[in-house]
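Residue numbers (our numbering), protein chains in the order written: chain A, 1 to 210; chain B, 1001 to 1210.
Yeah, the Cβ is synthetic: ideal placement off N, Cα and C, and Gly gets one too.
As structure tokens, the structure follows; a few thoughts come after it.
Number of protein chains: 2
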Amino acid sequence: MGIAERKEKQKQDIKKMILDASMKLFIEEGFEHVTMRKIADLIEYSPTTVYLYFKDKNEIFFHLHELGFQKMLEMNSNLPEIKNPLMRLYKMGENYINFGMQNQEFYDVMFIQHAPMDALAQMENCDWSLGDTAIGALQVLLQECMEKGLIQKAPVEAVAMAIWGMVHGLVSLAIRDRMNKLVPKEKLVSTMHTSLNWLLGTIDNSFNKE
Amino acid sequence: MGIAERKEKQKQDIKKMILDASMKLFIEEGFEHVTMRKIADLIEYSPTTVYLYFKDKNEIFFHLHELGFQKMLEMNSNLPEIKNPLMRLYKMGENYINFGMQNQEFYDVMFIQHAPMDALAQMENCDWSLGDTAIGALQVLLQECMEKGLIQKAPVEAVAMAIWGMVHGLVSLAIRDRMNKLVPKEKLVSTMHTSLNWLLGTIDNSFNKE
DNA sequence: TTGGTAAATTAACGGTGTTAAGTATTTTTA
DNA sequence: TAAAAATACTTAACACCGTTAATTTACCAA
């Protein structure tokens, strides 16, 4: 039955077209300018056709949010080659900030917008596995650092939340225009790195010993 | 001219009615359920009348965002009585987290939503003075702590950004449902306090000396 | 060729922010 | 006090939005 296969492939192709169009719209014009009608226009179908491939708009954003995590993962592909876990931690934080600031619309849908979480709440498997995996990786890394005596021992969960909280806080405040006056635009990213380095420096044992 | 005064007062009364209605709506039903028509319904005027008192919806949210800062300031009224600046810093952070978690819709419009900043961008005085004042207070406090040798010396701006970033990151991740699985709901606030205490503990000199 | 199925569309519903034009109402002036 | 001017408010409409029901078109199997 090659016919069924081809049909299935066509279906996947159109799904991809829809996601590509959505991505184009929200990268170029921003989240709030992504509308079902504009998506339909871009792929040259009627608006209702989109609903044959996705349950609703939230589901589309859920898929975009997944693509965002994929992109983020690619950005972290330079991590495994860093042997020193503490250096890996520094780099991980810097990657996070850079990813957020260079892909603001992706960051928005991954960590700020309600839409993908609303879609998630209506799925059978309601876990935010992508996010939980990411924070899990941070916890494992922190654990390794502590075991090797590179950073001060402390409850891993609390430290992980603190670090994630800080980098997310910096990026999301910047994205939502709350840092416009505090730091000049061109120094924003470098100041964030300074803050991150300060935080990691305070828990860095080699730093404190000196 | 008592008439002009009375008219002016009436005008202010209606403005207040509009803001009260908006506040009621967004506290009880959430930000996205605040619509011009619902506001008009609540105050029993036609939708267009609202535009005679506010330029647009963003301007209404700007005023709500101001009221949020006022509420936050009230919550910090217990700070001046704390003589030890380091203890004041702890309390300030805890207040921030508590305010955000107890007034999620206010927090949303103050630090996450675009609306008030969009309104600000179209005003003659484009400074986000409320936000900048708040972060300024944090910087002054940190400066005092450093001068008295209570915490390790470091660039004030970077440390302030790190602390603000962290508490904002924690609260905003929670508000936007990114911590549902990571921490059980009932332990969320206490875990945030743990993270904050961990961060401040690492820079607390009295803590490190022991 | 016909019948059935899958895919896509048209039309519509109820909502949104916002504006232009028109109607009351109130105040000022002659 | 009556007419004119200014103020306050409403009605109607525009151009959107997400979403659904009903309908048409395109395709494949017998």
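Proximal residues, the stretch 1111-1142 of chain B versus chain A, C-beta separation under 7 angstroms: Under the 7 angstroms Cβ criterion, the stretch 1111-1142 of chain B contributes F1111, I1112, H1114, M1117, D1127, W1128, G1131, D1132 and I1135.
Closest by C-alpha distance to A:L138, when choosing among A:P85, A:E186 and A:V189: A:P85 is the residue among A:P85, A:E186 and A:V189 whose C-alpha sits nearest the C-alpha of A:L138.
Within-8 angstroms CB hit, A:N58 to chain B: A:N58 does not count as touching chain B.
CB contact check: A:T194 to chain B, cutoff 8 angstroms: With a threshold of 8 angstroms between beta carbons, A:T194 makes contact with chain B.
Contacting positions in the stretch 1141-1172 of chain B - beta carbon closer than 8 angstroms to chain A: Going along the stretch 1141-1172 of chain B in chain order, one finds Q1152, A1154, P1155, E1157, A1158, V1159, M1161, A1162, W1164, G1165, M1166, V1167, H1168, G1169, L1170 and S1172 with a Cβ nearer than 8 angstroms to chain A.
Alpha-carbon spacing of A:M17 relative to A:E105, whole angstroms: One alpha carbon belongs to A:M17, the other to A:E105, and they sit about 19 angstroms apart.
Inter-residue spacing [alpha-carbon to alpha-carbon] between A:S172 and B:G1169: Roughly 8 angstroms between the two C-alpha positions.
Nearest candidate by alpha-carbon position, reference A:S195, set B:M1166, B:D1204 and B:G1068: Of B:M1166, B:D1204 and B:G1068, the residue nearest in Cα terms is B:M1166.
Residue range of the alpha helix (DSSP H) that includes A:S46: DSSP places A:S46 outside any alpha helix (DSSP H), giving it a letter other than H or E.
Test item: CB-CB of B:L1073 and B:V1109 under 8 angstroms: No, these two residues do not count as a Cβ contact at 8 angstroms.
Three-way DSSP call (helix, strand, coil) for A:D56 in this model: In the displayed model, A:D56 falls within coil according to three-state DSSP, outside both helix and strand.
Partners in chain A for B:D1177, counting only beta-carbon separations shorter than 9 angstroms: Contacts between B:D1177 and chain A, judged by CB atoms closer than 9 angstroms, involve H114, M117, D118, L120, A121 and W128 in chain order.
A:K181 vs B:D1118 beta-carbon contact at 8 angstroms: Annotated as distal: A:K181 and B:D1118, with beta-carbon spacing of 8 angstroms or more.
Alpha carbon of B:Q1012 to alpha carbon of B:F1054, nearest angstrom: Near 11 angstroms, if we compare the C-alpha coordinates of B:F1054 and B:Q1012.
Per-residue DSSP class, three states only, for A:I39: Reduced to three states, the DSSP call for A:I39 is helix.
Cβ shell of B:A1021 (< 7 angstroms), same chain only, five flanking positions each side left out: Hits under 7 angstroms: I1039, L1042 and I1043.
According to DSSP, residues forming a beta bridge with A:D132: For A:D132, which the question treats as bridged, DSSP gives no partner whatsoever.
First and last residue of the uninterrupted alpha helix (DSSP H) at A:D127: Where A:D127 is concerned, there is no enclosing alpha helix (DSSP H), given that its DSSP letter is neither H nor E.
Under 8 angstroms between C-beta atoms of A:M161 and A:K153: In this structure, A:K153 does not lie closer than 8 angstroms to A:M161 by Cβ.
Span separating the alpha-carbon of B:N1197 from that of B:Y1090: Cα to Cα, the separation comes out at about 7 angstroms.
Buried or exposed (CB count within 10 angstroms, at least 16 for buried), A:T48: The residue is exposed, with fewer than 16 neighbouring Cβ atoms inside 10 Å.
Identity of the residue in A:R176, A:D204 and A:A158 nearest B:K1187 by Cα: That would be A:A158, whose Cα lies nearest to the Cα of B:K1187.
For B:G1093 and B:I1163, believed in contact at Cβ under 8 angstroms, the rounded distance: Contact between B:I1163 and B:G1093 holds: CB atoms are separated by about 7 angstroms, below the 8 angstroms threshold.
Short Cβ contact (8 angstroms threshold) for B:R1178 with A:F69: B:R1178 is not a Cβ neighbour of A:F69, given a cutoff of 8 angstroms.
Within 7 angstroms of chain B by C-beta, residues of the stretch 27-47 of chain A in sequence order: Here the close residues number zero.
Chain B within 8 angstroms of A:K181, Cβ atoms only: With 8 angstroms as the cut-off, A:K181 counts as an interface residue toward chain B.
Where B:I1018 falls: helix, strand or coil (DSSP): B:I1018 falls in the helix class under three-state DSSP.
CB contact below 8 angstroms: B:I1082 versus chain A: Not one beta carbon of chain A lies nearer than 8 angstroms to the beta carbon of B:I1082.
is_contact[B:L1199, chain A] using C-beta, thresh 8 angstroms: Taking Cβ atoms only, chain A reaches closer than 8 angstroms to B:L1199, which makes this a yes.
8 angstroms contact criterion, which B:N1095 and B:N1076 should meet: CB distance rounded: Confirmed, Cβ separation roughly 5 angstroms.
Those residues which DSSP pairs with A:D204 across a bridge: Assignment of beta-bridge partners to A:D204 by DSSP yields A:I151.
Short CB-CB distance (under 8 angstroms) between A:I203 and chain B: It does; some Cβ of chain B falls within 8 angstroms.
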